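>
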Amino acid sequence: MHIYPNASAVVRDLSPDEPVILNRPHAAARAARFFAQKFPGKSLYAVKANPSPDLVRILWDSGVTHYDVASIAEVRMVRSVLPEATLCFMHPVKTKRAIAEAYHQHGVTTFSLDTMEELEKIVEATTADDGTQADDLNLLVRLRVSSDYSELSLASKFGIDLADAAPLLQATRQHCDALGICFHVGSQAMTPFAYVQALERVRAAIAEAAVTVDIVDVGGGFPSSYPGMEPPPLEDYFGIIHRHFENLPISYSAELWCEPGRALCAEYSSLIVKVEKRRGDELYINDGAYGALFDAAHVAWRFPVEALEDDLTEALEEFSFYGPTCDDADFMKGPFMLPADIQAGDYIEVGMLGAYGAAMKTAFNGFGAAECINVANEPMASLYRGDRPDPRESDNVVSLR
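Using this note's numbering, you'd call the opening residue of the sequence shown number 103 and step up by one each time.
1) Kindly list the residues whose CB is nearer than 6 Å to the CB of Lys150, restricted to its own chain and excluding five residues on each side of it in sequence; keep chain order.
2) Determine whether the beta carbon atoms of Glu420 and Met439 lie at a separation below 8 Å.
3) Rounded to whole angstroms, what is the Cα-Cα separation between Gly447 and Ala291?
4) Please state whether DSSP places Leu215 in a helix, a strand or coil.
5) Just how far apart, CA to CA, sit Leu502 and Asp232?
6) Give me the residue from Gln272, Ile224, Asp338 with the minimum Cα distance to Phe324.
7) Verify whether the separation of the beta carbon atoms of Val315 and Leu281 is less than 8 Å.
8) Would you kindly check if the distance between the Cβ of Pro426 and the Cβ of Val482 is under 8 Å?
9) Do you know how far the Cα of Ser249 is from the Cα of Val499?
10) Using the C-alpha atoms, what's the distance from Phe260 back to Met218?
11) Report yes if the CB atom of Ala138 is closer than 8 Å to the CB atom of Ser164, and no otherwise.
12) Using the DSSP secondary-structure output, state which residues sit across from Ser422 in a beta bridge.
13) Using the three-state DSSP reduction, which class does Trp162 fall into: helix, strand or coil?
14) With H, G and I counted as helix, E and B as strand and the rest as coil, what does DSSP make of Met439?
15) Return the CA-CA distance between Ala131 and Arg159, expressed in angstroms with no decimal places.
16) I'd like to confirm the pairing. Which residues does DSSP put opposite Val171 in its beta bridges?
17) Using DSSP with H/G/I as helix, E/B as strand and the rest coil, what is His361?
18) Who are the near neighbours of Asp70 in its chain, counting only those whose CB is closer than 8 Å to its CB and skipping five residues on each side?
19) Apart from the five residues just before and just after Ile224, which ones in its own chain have a Cβ nearer than 6 Å to its Cβ?
20) First and last residue of the alpha helix (DSSP H) that includes Ser110?
21) For Thr293, count neighbouring Cβ atoms within 10 angstroms of its own Cβ and tell me buried if that reaches 16, exposed if not.
22) Whole angstroms are fine: how far does the CA of Leu124 sit from the CA of Ala471?
23) Which first and last residues belong to the alpha helix (DSSP H) in which Tyr147 is found?
24) Between the alpha carbons of Arg244 and Thr274, how many angstroms are there, rounded?
25) Is the beta carbon of Ser258 less than 8 Å from the beta carbon of Ser289?
26) Are the beta-carbon atoms of Tyr169 and Leu366 separated by less than 8 Å?
27) In whole angstroms, what separates the C-alpha of Ala409 from that of Lys379?
28) Can you give the Cα-Cα distance for Ala230 and Ala175, rounded to whole angstroms?
29) Could you spell out where the alpha helix (DSSP H) holding Ala200 opens and where it closes?
30) Give the secondary structure of Tyr106 by DSSP, where H, G and I count as helix, E and B as strand, and everything else as coil.
31) Suppose you measure from the CA of Ala296 to the CA of His193; what does that come to, to the nearest Å?
32) Would you give the residue range spanned by the alpha helix (DSSP H) that Gly393 belongs to?
33) Looking at C-alpha atoms only, which residue of Pro185, Asp115, Ile105 is the closest neighbour of Tyr449?
34) For Ile467, which residues in the same chain have their Cβ closer than 8 Å to its Cβ, ignoring the five residues on either side in sequence?
35) Does the beta-carbon distance from Ala394 to Gly459 come in below 8 Å?
36) Are the beta-carbon atoms of Gly143 and Glu357 separated by less than 8 Å?
Take a look at the structure:
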């Protein structure tokens, strides 16, 4: 595969009419090595963040051996790419057929749950034809925790309340080889304290249930760097998590897990878009709310941007974007900082789109086509290069919407 030096070289060579996804394998590999070497436990890549088979292979080659899969389609994809990988089916609500296929055909033995009904479903689906129940299951009860310290809440849909957790933990203990507790503090946790309050709930749940816990899975939430969102160093998160994990009343051989998605793949990709029209401070571009810029539209996420034309000389000013579809909701408020003299026909690179970018694209209104090209330059921001200013010296350690 041809590798371009950067986005500008792609524009000069191709003058693309459709959006172009730029992938940086070296950035994903660097992030994977960081987690593999520095997180004090097992790191499970959250495949939903970017289910690219190429990316999954890059992460495997760089030390990530465990994968958090949320659907039978993800199970099949990862197993086809990585026959030796350990797959963990961490969606708390699964069909019985999906559980059975994952267990009997793909060797998945790790499942999460947050209800008695889901526990019964897992036990039934993994039982052999002769009635023998599975004796190799790792079952993790998902606990509801606060998302107050994260940019995107994940506190409503899944997780059993602390007050109700003890009976489910006790029942699950009877049907598994290893019992775990998992949680999710929300996406883009802007302070390590998010995990402290969650682990305190884990402590309380264990004490109330009086069960032996073999796995503590702190889930995802590990952040990346975006405009207006500069998190503390990831080492701070790892250190605080490990200290509180060590103080839990758990099995002496208990394992610590995490499920990074955004943190492993955000730096992997950026996107070239073309300006089709300008109306004042609004730019009409060829990707948007139904494409890779889903988060920019639906949750007002700000991504870094750079104009790719050499002849733009005016100062930066604030712009909003409209996407290519006929829907008024195809709008991205931003603000996105671009040269004041940008115009129709110019190209823009939108950075830090490896997480929940390509994964969110649809073909609504006939749009959604995008070529994928590898580039050699660095992402617009990085938590892993070692040249990043320490945000603890600023006032932007906790940024809550």
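Note that beta-carbon positions come from the ideal geometry of N, C-alpha and C, so glycine has one too. Because the structure is a prediction, the values reported are computed rather than measured.
According to the data block:
1) Ala172
2) yes
3) 38 Å
4) strand
5) Low confidence applies to Leu502: its pLDDT is 33, below 50, so where it sits in the model is not reliable, and the reading given next is rough at best. Each residue's alpha carbon lies about 54 Å from the other.
6) Asp338
7) yes
8) According to the sequence as given, residue 482 is Met; it is not Val. For Met482 and Pro426, no; Cβs fall outside 8 Å.
9) Caution applies to Val499, whose pLDDT of 45 falls short of 50 and renders its modelled position unreliable; the model cannot decide the point.
10) 14 Å
11) yes
12) Glu384
13) helix
14) strand
15) 10 Å
16) Phe191
17) The residue asked about is misnamed: residue 361 is Glu in this sequence, not His. In this structure, Glu361 counts as coil in the three-state DSSP scheme.
18) Absent from the structure is residue 70, since the part of the chain shown begins at 103 and ends at 503.
19) Ile201, Phe213
20) 109-116
21) buried
22) 14 Å
23) Note, Tyr147: premise wrong, no alpha helix (DSSP H); beta strand (DSSP E) at 144-148.
24) 12 Å
25) no
26) no
27) 15 Å
28) 23 Å
29) 198-208
30) strand
31) 21 Å
32) Note, Gly393: premise wrong, no alpha helix (DSSP H); not H, not E.
33) Asp115
34) Sequence check: residue 467 is Asn here, not Ile. Here the set comprises Tyr392, Pro426, Thr427, Cys428, Asp429.
35) yes
36) yes
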